[in-house]
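51 is the number of the first residue of the sequence shown in the numbering used here; add one for each residue after it. The beta-carbon is built from N, C-alpha and C at its ideal position, and this holds for glycine as well. Note that the coordinates shown come from a computational prediction; the quantities given were computed from them, not determined experimentally. Comments concern the structure below.
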Amino acid sequence: MRTGSIRSGGGALEDTMSLTPIGEPRQKLTVASLREKKLQHEPITCLTAYDFATARLVDEAAIDIILVGDSLAQTMLGYENTLSVTIEEMLHHTRAVRRGVKNALLVADMPYGSYHVGPDEAVRNAARFIKEAGAEAVKIEGGEKRADLIRRIIDAEIPVTGHIGLTPQSVNVMGGYKVQGKSLPAIEQLMHDAVALDRAGVACLYLEGIPREVAAMITAEVETPTIGIGAGPDCDGQVLVFHDILNLTFGPPAKFVRRYGDAAALITHAVQTFRADVVSRRYPSDGESYHLPKETRGALETVLERKRAMRR
Ligand code: KIV
51 MRTGSIRSGG GALEDTMSLT PIGEPRQKLT VASLREKKLQ HEPITCLTAY
101 DFATARLVDE AAIDIILVGD SLAQTMLGYE NTLSVTIEEM LHHTRAVRRG
151 VKNALLVADM PYGSYHVGPD EAVRNAARFI KEAGAEAVKI EGGEKRADLI
201 RRIIDAEIPV TGHIGLTPQS VNVMGGYKVQ GKSLPAIEQL MHDAVALDRA
251 GVACLYLEGI PREVAAMITA EVETPTIGIG AGPDCDGQVL VFHDILNLTF
301 GPPAKFVRRY GDAAALITHA VQTFRADVVS RRYPSDGESY HLPKETRGAL
351 ETVLERKRAM RR
């Protein structure tokens, strides 16, 4: 909450707090506050956002982390999967989201190909999200094989969030979007992955599409907060895709998706009603039109009358 004008009048910060209007004063979320929330057993909330308007709404609803996920490939750009989205497209959307976010921690997904070629290029690309788009952390998919790279990026003062389990950028290697970590060797690998990324210093760890029992074990094992999506209720926080919770994805939802609203129905109704109003000339009404000032209307009448008289 801004208290600048009162403070410049000499009052101490404590004096001004009681003058705060309605609503809790909100704190800026940081990487440090995520750790604190885990320690305090306070659930962490995260949603994706891809544009200014939704970013504002999500931020004002007090969500802790806003993720510009590469899921925007499908939700916003209509690609079949996340593999095609480019770094320029991700930067463009991250900039728009930045303008709408005040308090949430802003995390941007590094798209497929932007960190796979070599560490120098990966650091350069990660820095673009911070410098050019205002992200406060980046997200990278993959387990222990990414640990060294993550260290390199953190060394460049860029917080990194990890993402293991069902990692959509590996869709071709996984042979589809399948729940991961169902066999004992797979569970062991996931535990190795989680511990390696925790030691590398990730700011938080996204766990996607894994059995809740495995997610619970990882959450208990690592110091970094875990944020689950299709990973059960025992994670330190939960993330969902904005378009999923609002029925904007044009397909049957995954098992873990809970729909909190039907924006598709709302939009369709509004658009159909607008169309019907235009076609039937009910829109716009006189009240929705601009009018000439009285004097101009009078003067115009005189001019038109003169022209009519000349024609007679
Ligand atoms: O791209 C995305 O939206 C994500 C989250 C679902 C974790 O990676």
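Cα-Cα separation, residue i to residue j
i, j, result
"Lys195", "Gln322", "51 Å"
"Ser121", "Arg106", "19 Å"
"Lys189", "Val157", "7 Å"
"Val173", "Ser335", "56 Å"
"Val329", "His341", "23 Å"
"Gln124", "Pro343", "50 Å"
"Ala349", "Tyr333", "29 Å"
"Asp286", "Glu182", "30 Å"
"Cys96", "Thr346", "56 Å"
"Val135", "Val289", "21 Å"
"Ser233", "Leu240", "11 Å"
"Ala82", "Ile200", "18 Å"
"Phe292", "Val353", "57 Å"
"Pro283", "Tyr165", "31 Å"
"Ala320", "Leu298", "15 Å"
"Pro303", "Gly337", "43 Å"
"Ile317", "Met126", "16 Å"
"Ala197", "Arg325", "54 Å"
"Glu351", "Arg362", "17 Å"
"Ala314", "Ile277", "27 Å"
"Lys78", "Arg202", "26 Å"
Residue i, buried or exposed, once every other Cβ within 10 Å from all chains shown has been counted against 16
i, result
"Met160", "buried"
"Ser339", "exposed"
"Glu171", "exposed"
"Lys228", "exposed"
"Gln90", "exposed"
"Arg331", "exposed"
"Pro71", "Low per-residue confidence applies at Pro71: pLDDT is 46, beneath 50, and the placement is therefore not dependable, though the value from the model is reported in the following sentence. By the neighbour-count rule (16 or more Cβ atoms within 10 Å), Pro71 is not buried but exposed."
"Tyr310", "exposed"
"Val108", "buried"
"Asn175", "buried"
"Leu273", "Here residue 273 turns out to be Glu, not Leu, going by the sequence shown. So Glu273 ends up on the exposed side."
First and last residue of the uninterrupted beta strand (DSSP E) at residue i
i, result
"His213", "Val210 to Gly215"
"Leu296", "Premise fails: Leu296 is in no beta strand (DSSP E) and is neither H nor E."
"Gly348", "Gly348 -> not in any beta strand (DSSP E); alpha helix (DSSP H) instead, spanning Lys344 to Arg361."
"Ala158", "Leu155 to Asp159"
"Val289", "Gly287 to Leu290"
"Leu84", "Looking at the DSSP string, Leu84 is not in any beta strand (DSSP E); the run it does join, the alpha helix (DSSP H), is Val81 to Leu89."
"Thr132", "From DSSP, Thr132 is part of no beta strand (DSSP E); its letter is neither H nor E."
Simplified DSSP state of residue i, which is helix, strand or coil
i, result
"Ala266", "helix"
"Glu191", "strand"
"Val108", "helix"
"Gln219", "helix"
"Asp255", "The residue you asked about is not Asp; residue 255 is Leu in the sequence shown. Three-state DSSP puts Leu255 in a strand."
"Asp248", "helix"
"Gly278", "strand"
"Asp170", "helix"
"Val321", "helix"
"Leu122", "helix"
"Thr144", "helix"
"Pro71", "Low per-residue confidence applies at Pro71: pLDDT is 46, beneath 50, and the placement is therefore not dependable enough to give any value."
"Leu240", "helix"
Contact under 8 Å by Cβ, residue i with residue j
i, j, result
"Ile137", "Asp114", "no"
"Gly193", "Asp243", "yes"
"Gly163", "Ala103", "no"
"Leu155", "Arg178", "no"
"Ala185", "Thr217", "no"
"Arg76", "Ala112", "yes"
"Leu84", "Ala253", "yes"
"Gly225", "Gly259", "no"
"Ile237", "Tyr256", "no"
"Pro261", "Gly212", "no"
Extent of the continuous alpha helix (DSSP H) to which residue i belongs
i, result
"Ile260", "Careful: Ile260 lies outside any alpha helix (DSSP H) and carries neither H nor E."
"Ile200", "Ala197 to Asp205"
"Ile113", "Unbroken run through Ile113: none, as it is neither H nor E."
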